[in-house]
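Heads up: the sequence shown runs through residues 26 to 305, numbered per our numbering. For every residue, glycine included, the Cβ atom is placed at its ideal position computed from N, Cα and C. Treat the numbers as computed from the prediction; the structure is a model and nothing was measured. Heads up, the thing below is written out as structure tokens.
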Amino acid sequence: MNYRHGYHAGNFADVLKHAVLACAALRLARAAKPVHAIDLHAGAGLYDLQAPNALKTGEWRDGIGRVLAQGQAPDVLKPYLDIVRGVNEKGELRHYPGSPLILRETLRPQDKISLYELRPEDEQALAALCKADKRVRARRADGWKSLGAELKPADVRPLVLIDPPFESDADFDRSLDALAAVRTRSPAATAIVWHPIKDEKPVAAFRDKVKRSTTDALLVAELAVAPPVKGERLTACGLLILRPPRGLNDDLFAMLPWLKDKLALADGANASWRWLIAPR
Ligand SMILES: C[S@@+](CC[C@H](N)C(=O)[O-])C[C@H]1O[C@@H](n2cnc3c(N)ncnc32)[C@H](O)[C@@H]1O
């Protein structure tokens, strides 16, 4: 496993993922039922944008750097941007919050957060970051293998984030298996899968397989800051959302055109959302 999220923290893909995750968590947290967030690939939780790995790629400059440089963002992005501002000194951008912090800041005292991270130094940082928060349990364990045990047929509403490194296309198959576990073990669960778009073929095959496996609502969002080129640096990514909370499509509608405008790097930048399966 070579992947380290510190090289990519705060890039355009994180912006899309974390803005949508914040909206989804906030919408689920409007209901009385407690939410149980399960982050299968949690990372370190907080990233220093002046650390050597972040400076080496500088990806955050064309992601959260551009977004925060705008005076006015759509209201739908406010909760996400407030979380980013909350980990920084006023007017500065030095740190960037990962998915565990997005979940911590959007969920309520009665909610629960289970975090999985395999890389020892990242899990240590994560555990230290979350140790005072009684709602959170961080584990150095394989997220894929741990999902089944987390999905108990209980009275909570699970929110599963599937955000593997995608060092190979095998993560599409693992994500498919994880979605099958979510579907069969927890009829109320929402799941969000992040995936890269470098080559359309595996993406189309993944979506098609998920679509054929369920009749539940399936929403897809995409953001391309430039047209994807196979083998080149990532310029496009997607989120596939199983059983999105009601109204999340409105949030996508409100944020995506603005994000595309601000994050575009080349002609052919694009952002879109659509139902693969509309809610019944
Ligand atoms: C894309 S990063 C996660 C970023 C994080 N979800 C966020 O949005 O801030 C993927 C992470 O998964 C970890 N990882 C890889 N395979 C794993 C596995 N089987 N179980 C748990 N963590 C894994 C990597 O070490 C890496 O930190």
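*Take the Cβ of P269 as the centre, count every other Cβ of all protein chains shown within 10 Å, and call the residue buried at 16 or more, exposed below.*
For the purposes of this step, residue 269 is taken as the residue at position 244 of the sequence shown. That one is buried.
*Beta-carbon contacts of Y32 that lie in its chain and below 8 Å, excluding the five residues immediately before and after*: Along the sequence shown, one-based indexing puts residue 32 at 7. N78, A79, K81, T82 and E84.
*In whole angstroms, what is the alpha-carbon distance linking Q149 and A67?*
The residue you call residue 149 lines up with position 124 of the sequence shown. The residue you call residue 67 lines up with position 42 of the sequence shown. Distance between the alpha carbons of Q149 and A67 is about 12 Å.
*With contact counted as at least three CB pairs below 8 Å, one residue from each stretch, are the region 50-67 and the region 170-182 in contact?*
yes
*To the nearest angstrom, report how far apart L126 and L151 are at their CA atoms.*
As a first step, residue 126 must be located in the sequence shown, where it is residue number 101. As a first step, residue 151 must be located in the sequence shown, where it is residue number 126. Each residue's Cα considered, the two are about 10 Å apart.
*Exposed or buried, G168, counting other C-beta atoms within 10 Å across all chains shown (16 or more means buried)?*
Taking the first residue of the sequence shown as 1, we reach residue 168 at position 143. It counts as buried.
*On the DSSP bridge assignment, give the partners of R182 in chain order.*
The residue labelled residue 182 in the question sits at position 157 within the sequence shown. V60.
*Could you tell me the distance, in whole angstroms, from the CA atom of H30 to the CA atom of A157?*
Numbered from 1 along the sequence shown, position 5 holds the residue referred to as residue 30. Numbered from 1 along the sequence shown, position 132 holds the residue referred to as residue 157. Going by the C-alpha atoms only, they are around 24 Å apart.
*asked:* Between P104 and ligand 1, is there a pair consisting of the residue's CB and a ligand heavy atom that are separated by less than 7 Å?
replied: Your numbering for residue 104 matches position 79 in the sequence shown. Outside the cutoff, so no.
*Near S297, what residues of its chain come up, given a Cβ to Cβ distance below 6 Å and the 5 sequence neighbours on each side ignored?*
Your numbering for residue 297 matches position 272 in the sequence shown. E247, listed in sequence order.
*Answer with buried or exposed for T260, where buried requires no fewer than 16 other C-beta atoms within 10 angstroms of its C-beta.*
Walking along the sequence shown from the start, residue 260 turns up at place 235. By the 10 Å Cβ count, T260 comes out buried.
*If you measure from the CB of H30, is any heavy atom of ligand 1 nearer than 7 Å?*
Numbered from 1 along the sequence shown, position 5 holds the residue referred to as residue 30. Because some heavy atom of ligand 1 lies under 7 Å away, the Cβ of H30 counts as near it: yes.
*Best match in R210, F197 and N113 for proximity to V235 [C-alpha to C-alpha]*: Looking up residue 235 in the sequence shown gives position 210. Looking at the Cα atoms, F197 is the closest of the given residues.
*Quick one: what does DSSP say T215 is sitting in, helix, strand or coil?*
Here the question's residue 215 lines up with position 190 in the sequence shown. Three-state DSSP puts T215 in a strand.
*With a Cβ-Cβ cutoff of 8 Å, do C155 and G70 count as a contact?*
On the sequence shown, residue 155 is found 130 positions in, with the first residue counted as 1. On the sequence shown, residue 70 is found 45 positions in, with the first residue counted as 1. Cβ atoms of C155 and G70: closer than 8 Å.
_Boundaries of the beta strand (DSSP E) in which L248 is found, first to last residue_ = The residue you call residue 248 lines up with position 223 of the sequence shown. Element bounds for L248: L243 to A249.
_Three-state secondary structure (DSSP) of P145_ = The count along the sequence shown starts at 1 and reaches residue 145 at position 120. Looking at P145 - three-state DSSP - the assignment turns out to be helix.
*Comparing alpha-carbon positions, which option in G123, D292 and D100 lies nearest G111?*
Here residue 111 is taken as the residue at index 86 of the sequence shown, counted from 1. Here the closest residue by C-alpha is G123.
*From A57 to A213, what does the alpha carbon distance come to, in whole angstroms?*
Numbered from 1 along the sequence shown, position 32 holds the residue referred to as residue 57. Numbered from 1 along the sequence shown, position 188 holds the residue referred to as residue 213. Distance between the alpha carbons of A57 and A213: 14 Å.
_For ligand 1, I want to know if G35 counts as a neighbour, meaning its beta carbon is within less than 7 Å of at least one of the ligand's heavy atoms._
The residue you call residue 35 lines up with position 10 of the sequence shown. Answer for G35: no, Cβ out of range of ligand 1.
*Could you spell out the range, first to last residue, of the beta strand (DSSP E) harbouring P122?*
Within the sequence shown, residue 122 is the residue found at index 97, counting from 1. First-last of the beta strand (DSSP E) with P122: H120 to P122.
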